[in-house]
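Counted the way the working numbering counts, the sequence shown spans residues 467 to 522.
Here the structure is laid out as structure tokens; the discussion comes afterwards.
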Amino acid sequence: MVKKGITSIVQVRVQWSSLSLDSATWDDYTVLRHRYPTAPCWDDVASARGGEHVTP
């Protein structure tokens, strides 16, 4: 979670399938959900609860 102004934003670490492990990024959860609503990774997020396993 990061602060943007007075708001706390949930972020997830993303290992993009087309990039190396060193290129993993931290991205806003809600932005990713909006941009990739049918990505299979959201099933993993629901079951992982705090893990680093998200690969849209």
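Even glycine gets a Cβ: it sits at the ideal position worked out from N, Cα and C.
Identified DSSP bridge partners for residue i
i           : result
residue 475 : 468
residue 492 : 479
Short Cβ contact (8 Å threshold) for residue i with residue j
i           : j           : result
residue 476 : residue 495 : yes
residue 478 : residue 493 : yes
Environment of residue i [buried if 16+ CB atoms lie within 10 Å]
i           : result
residue 486 : exposed
residue 468 : exposed
residue 519 : Confidence in residue 519 is poor, its pLDDT being 49 and thus under 50, which makes the residue's placement too unreliable to answer from.
residue 480 : buried
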